[in-house]
Structures are given as structure tokens and as C-alpha cells.
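*Asks:* The structure's right below; bear with me while I get my questions together.
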Amino acid sequence: MAEIQDDFERAADPALSTRPGYYGGFGGRFVPEPLMAALEELDYALQGVCEDPVFRRELERLLRDFAGRPTPLYHARNMSREAGGAAIYLKREDLCHTGSHKLNNSLGQCLLASHMGKSRVIAETGAGQHGVACATAAALLGLECEVYMGEVDIERQAMNVFRMELLGARVIPVGTGSRTLKDSVNAALRDWVENVRTTHYCMGSVVGPHPFPAMVRRFQSVIGVETLEQFDEVEGRLPDIVVACVGGGSNSIGIFSPFIGKGPTLVGIEAGGVGSSPGEHGGSLCLGDVGVLHGAMSYLLQDEDGQVAETHSVSAGLDYPGVGPEHAYLKENGLATYELVGDDEALEAALFLTRGEGILPALESAHAVAYARRTAETLGPDKRIVVCLSGRGDKDIDTLRERFG
Ligand SMILES: *Cc1c(COP(=O)(O)O)cnc(C)c1O
436 MAEIQDDFER
446 AADPALSTRP
456 GYYGGFGGRF
466 VPEPLMAALE
476 ELDYALQGVC
486 EDPVFRRELE
496 RLLRDFAGRP
506 TPLYHARNMS
516 REAGGAAIYL
526 KREDLCHTGS
536 HKLNNSLGQC
546 LLASHMGKSR
556 VIAETGAGQH
566 GVACATAAAL
576 LGLECEVYMG
586 EVDIERQAMN
596 VFRMELLGAR
606 VIPVGTGSRT
616 LKDSVNAALR
626 DWVENVRTTH
636 YCMGSVVGPH
646 PFPAMVRRFQ
656 SVIGVETLEQ
666 FDEVEGRLPD
676 IVVACVGGGS
686 NSIGIFSPFI
696 GKGPTLVGIE
706 AGGVGSSPGE
716 HGGSLCLGDV
726 GVLHGAMSYL
736 LQDEDGQVAE
746 THSVSAGLDY
756 PGVGPEHAYL
766 KENGLATYEL
776 VGDDEALEAA
786 LFLTRGEGIL
796 PALESAHAVA
806 YARRTAETLG
816 PDKRIVVCLS
826 GRGDKDIDTL
836 RERFG
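Counting in our numbering, the sequence shown runs from 436 upward without gaps.
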């Protein structure tokens, strides 16, 4: 299996080497004083385990035997033929245990929490995917787990709430603000300040104050490191384009990490939703401005009064008004480009992949599939596109039935 660890130091350096915790002008720690000590402790522990062979071996064992890594890199021949043009490969994170890439991160953070002597982990969740992954890792490692979830989301995602409860986690309803994901992050941060002695906050994406974006990147970089190796094995070179959907930005940073500045065009796909007006999409990088959200400087969506805007996407995982600071850095420096794909095109792409390849993708991932489909036909057969298929679509069956049933 690929070595995940060494990639972090290598690929994060252009920005992080100058000012720790910053990606150029983005990132940092915009948090109240009491959180600083917790973040320092976490950063220190993270550096420690990165050099600890016992931790590294244990994480590699769990990723292999529990999560099912390495996930395959699959040449989607039918999809490539039907799109006409470039060859399309899918990195199959949908085959990871619990159905998405989220477990890579939760296993890493929960193992870190055990090494730090914490007995409890907390998490935020929107659709419930990260909550389920965190509850799974906590069950495995014998940690108490509590998950903050907005009241609106609890209503929309009853099945994942029950899955978390089956796994032994407690779901705590959040009734403040818009009662969705961004409010759950705030609630989890407040809990963490009060209980930091016993508790680790398992953040679900490459967002939040330093060291969360760097830590989550590290645990997700296994996706890219495996892809680089697997692609080299079959093609003997680098891909031309690597594409992934961007919610908070963790599956995309994960697959991008070993390719940054190395030649392939890196494309992040944000939720175009149903239009470009506020509240109709989740395009923080494509349509937002620079500002501070959840303790980091990055791009975010605001309304005219400077309030964090409502977002919309057919896929709950892309329905977040912010984005990880490293993506802001990659965008500003031309190291990656970001595009929108709307609800309709994503739904069509999900059906296209299901009928053509027998793979039902998560609607988040279907945004990246749609971009690959639309781009492949403009390229010659010598070109190669790799898509990060971040998750499977079983959770989206109701949405698909409403649309195509
Ligand atoms: C949560 C989720 C995403 C979005 O999160 P990122 O941090 O941007 O990766 C994408 N795909 C799936 C399947 C998810 O569950």
C-alpha cells in the first residue's frame, strides 16, 4: 500500500513553510483565545504521531484491513466510449467502508485521539456521512462519540441519524441559526473548548483553524498517493486532468496533493445548484468572496449584509458556504481551477454512470463525473482524465427516485 505520510511535508510546503498554518494569505487561526491552547496541543500531537512508526503502522493496517484500501483505479471503458474522446479513470472511494472517502480521515483522527489519551470524540455533520464515518471509527477504537447535527438536517437524514445511533453515538440536535451544517460546526467548537481535556474534535473536511486543514489533508492524501502509483502502473505516466467535487474540499485536496505543480490540470467542481443568485448554489470559490468562516481565512458565500449565505445543492455534501483555505491558495496561484456543475447535469451524470458502468455514484461525486463527461468529448483519445469518485449513491436513492422514478 502507498505510503501516505511523507506526502504531507512535500506537497504542503510552498505556503506552509513561510508562515505555519497559512497557505499564502489564507488559513490561519481566527478563533477566541481559549481555543488556541487546544489547537496548539493538537498540532503538537499531530507532529508527534507523524514521526511515530507505531502510529503509522497502525493507521496503515486499519486503512487496509478495516477500510479496504487501496481502493481500485478503474478504467471506465463504457463511459469513455460514450463520452467519446479522452479515456476516463475512476478512483473508487465509493468502495471504501461506509461508502465514501470520509472514513480515511475519521480513522486517522480517532486513532490520533486515542494516542493523545482522549476518551471522547465529537463531530459535526450535515448529511450525516461524516457523522457515520466518525461513529464507525469511534466504535472500532472504543471512544465515546457525540455528533452535532442541525435540526433541519436531522429531519432530512433520518436514516443516517439512526445509523449513528446503532453505532453507539449520540446525535445532538442544533437549533441555532439556520439549523444546518455551519451551525453544527459552531456548536462542536464550543463543546471542544469546554471539554478539551477529554475530547478531540474530529473535523470532517479540510476547513477550520490550523492545524485542521493540514491534518485532514494528510489523512486524505492517501487517495492521491495511491492514484499516482496506480495510474503510473497502467499508463506509465501522469494523467492530463484530475477532477474532484469540492464541498469543504477534502476528497479533492486528497487526490490533488501529489499532483500539485507537477503537470496535470487539477479541476475542482463546486455545486452550481439551480442558479447563480445567493441561496441557489454552493460555489464558494467560483462565486464567493474572501472572508473568515469557522476560524480560517478563505472564500465564502455571504449575503448583502455580510451574513453567511444559505446554500443549495441537490447533494447535501456540497451544501456548505465555505471551502478549505488551501483551495483558495491553489485558485489564487493558478495551481488548480474551479468550475460549477448544476443539479440537473449532476443528476444526469449519475444516471449515465449507473446505466453505462453499473456504478451508482454519490450525487456529490456525480458533479465531477459530469465535468469529465463534458470535457472528455472535447479531447483526443490520447488524453487521460482521472475522476475522484468520492462516494456511492445508495444514500441518494430517494432524490433519484423523485427525479427519474
Ligand atoms: C462529504 C462528501 C463530499 C464533500 O466533502 P469534501 O470535504 O469536499 O470531500 C463529497 N463526496 C461525498 C461522497 C461526501 O460524502
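We put the CB at the ideal spot given by N, CA and C, even for glycine.
Given the structure is predicted, the values throughout are model-derived calculations rather than measurements.
Give me the Cα-Cα distance between Gly-885 and Val-669, rounded to the nearest whole angstrom.
*Replies:* This structure does not reach residue 885, given that the chain is present from 436 up to 840, and the question cannot be answered.
*Asks:* How do the segment 578–587 and the segment 752–768 stand: do at least 3 beta-carbon pairs fall below 8 Å, yes or no?
*Replies:* No, the segment 578–587 is not in contact with the segment 752–768.
*Asks:* If you measure from the CB of Thr-799, is any heavy atom of ligand 1 nearer than 7 Å?
*Replies:* Looking at the sequence provided, one finds Glu at residue 799 rather than Thr. At least one heavy atom of ligand 1 is nearer than 7 Å to the Cβ of Glu-799, so yes.
*Asks:* Heavy atom of ligand 1 less than 7 Å from the Cβ of His-532, yes or no?
*Replies:* His-532 Cβ: outside cutoff for every heavy atom of ligand 1.
*Asks:* I'd like to check one pair, Cys-531 with Gly-503: are the Cβ atoms closer than 8 Å?
*Replies:* Yes; because the gap between Cβ atoms is below 8 Å, this pair is in contact.
*Asks:* Would you mind reading off the limits of the beta strand (DSSP E) that contains Arg-555?
*Replies:* Start and end: 555–560.
*Asks:* Can you tell me whether Gly-561 is buried or exposed? The criterion is at least 16 other CB atoms within 10 Å of its CB, across all chains shown.
*Replies:* Burial call: buried.
*Asks:* Tell me the residue span of the beta strand (DSSP E) that contains Glu-600.
*Replies:* Segment 593–601 is the alpha helix (DSSP H) holding Glu-600; no beta strand (DSSP E) there.
*Asks:* Is Gly-826 helix, strand or coil by DSSP?
*Replies:* DSSP places Gly-826 in strand when its eight states are reduced to three.
*Asks:* Entirely within the segment 745–772 and at least 4 residues each: give me those alpha helix (DSSP H) ranges in chain order.
*Replies:* Taking only runs of at least 4 residues, the alpha helix (DSSP H) segments lying wholly in the segment 745–772 are 760–767.
*Asks:* Please report the straight-line C-alpha distance between Thr-506 and Thr-615, rounded to a whole angstrom.
*Replies:* Whole-angstrom Cα-Cα distance: 31 Å.
*Asks:* Just to confirm the assignment: which complete beta strand (DSSP E) runs, minimum length 3, are found wholly within the segment 472–538?
*Replies:* Fully enclosed beta strand (DSSP E) runs of 3 or longer: 508–510, 522–527.
*Asks:* Can you say whether Ala-784 is buried or exposed, counting buried as having 16 or more other CB atoms within 10 angstroms of its CB?
*Replies:* Ala-784 comes out buried.
*Asks:* Give me the Cα-Cα distance between Gly-801 and Ala-572, rounded to the nearest whole angstrom.
*Replies:* Per the sequence shown, the amino acid found at residue 801 is Ala instead of Gly. Ala-801 and Ala-572: Cα-Cα distance of roughly 26 Å.
*Asks:* Whose C-beta lies closer than 6 Å to the C-beta of Ser-750 among residues of the same chain, with five residues either side of it excluded?
*Replies:* Leu-798, Glu-799, listed in sequence order.
*Asks:* Can you tell me whether DSSP reads Cys-637 as helix, strand or coil?
*Replies:* Residue state, collapsed to three classes: coil.
*Asks:* When DSSP labels each residue in this structure, what does Arg-445 get in the three-state scheme?
*Replies:* With a pLDDT of only 40 at Arg-445, under the threshold of 50, the placement of this residue in the model should not be trusted; the figure read from the coordinates follows. Helix, per DSSP.
*Asks:* Helix, strand or coil: how does DSSP classify Val-821 here?
*Replies:* DSSP places Val-821 in strand when its eight states are reduced to three.
*Asks:* Determine the burial state of Ser-515: buried for a count of at least 16 other Cβ atoms within 10 Å of its Cβ, exposed for fewer.
*Replies:* It is buried - the Cβ of Ser-515 has at least 16 other Cβ atoms within 10 Å.
*Asks:* Grab me the residues of Pro-469's own chain with a C-beta within less than 6 Å of its C-beta, minus the 5 sequence neighbours each way, in chain order.
*Replies:* So the list reads Val-628, once near-sequence residues are dropped.
*Asks:* Kindly examine ligand 2 and report whether one of its heavy atoms sits closer than 7 Å to the Cβ of Leu-497.
*Replies:* Within the structure as shown, ligand 2 is missing, the only ligands being ligand 1.
*Asks:* By Cβ distance, which residues of its chain are closer than 6 Å to Thr-834, with the 5 residues on each side in sequence left out?
*Replies:* Hits under 6 Å: none found.
*Asks:* Ser-452 to Thr-662, Cα distance in whole Å?
*Replies:* Low per-residue confidence applies at Ser-452: pLDDT is 49, beneath 50, and the placement is therefore not dependable, though the value from the model is reported in the following sentence. Cα to Cα, the separation comes out at about 26 Å.
*Asks:* Based on the DSSP secondary-structure assignment, which residues constitute the bridge partners of Asp-724?
*Replies:* According to DSSP, which records beta bridges pairwise, Asp-724 is partnered with Leu-735.
*Asks:* Mind reading off the beta-carbon distance from Glu-715 to Leu-775? Whole number of angstroms is fine, and I expect it under 8 Å.
*Replies:* About 11 Å; that fails the 8 Å criterion.
*Asks:* Under 8 Å: do the segment 667–687 and the segment 737–745 share three or more Cβ pairs, one atom per stretch?
*Replies:* No, because fewer than three Cβ pairs between the segment 667–687 and the segment 737–745 fall closer than 8 Å, the two stretches do not touch.
*Asks:* The alpha helix (DSSP H) with Ile-658 in it runs from where to where?
*Replies:* Counting along the chain, the alpha helix (DSSP H) containing Ile-658 begins and ends at 647–670.
*Asks:* CA-CA distance, Asp-829 and Gly-612?
*Replies:* For Asp-829 and Gly-612, the distance between alpha carbons rounds to 30 Å.
*Asks:* For Tyr-782, which residues from the same chain have a beta carbon less than 6 Å from its beta carbon, with the 5 sequence-adjacent residues on both sides left out?
*Replies:* First, the residue type needs correcting, since residue 782 is Leu and not Tyr in the sequence shown. Once the five neighbours on either side are set aside, the close Cβ partners of Leu-782 are Arg-838.
*Asks:* So what's Val-466 in DSSP terms, helix, strand or just coil?
*Replies:* Val-466 falls in the coil class under three-state DSSP.
*Asks:* Is Thr-810 near Ile-820, with beta carbons less than 8 Å apart?
*Replies:* Yes, these two residues count as a Cβ contact at 8 Å.
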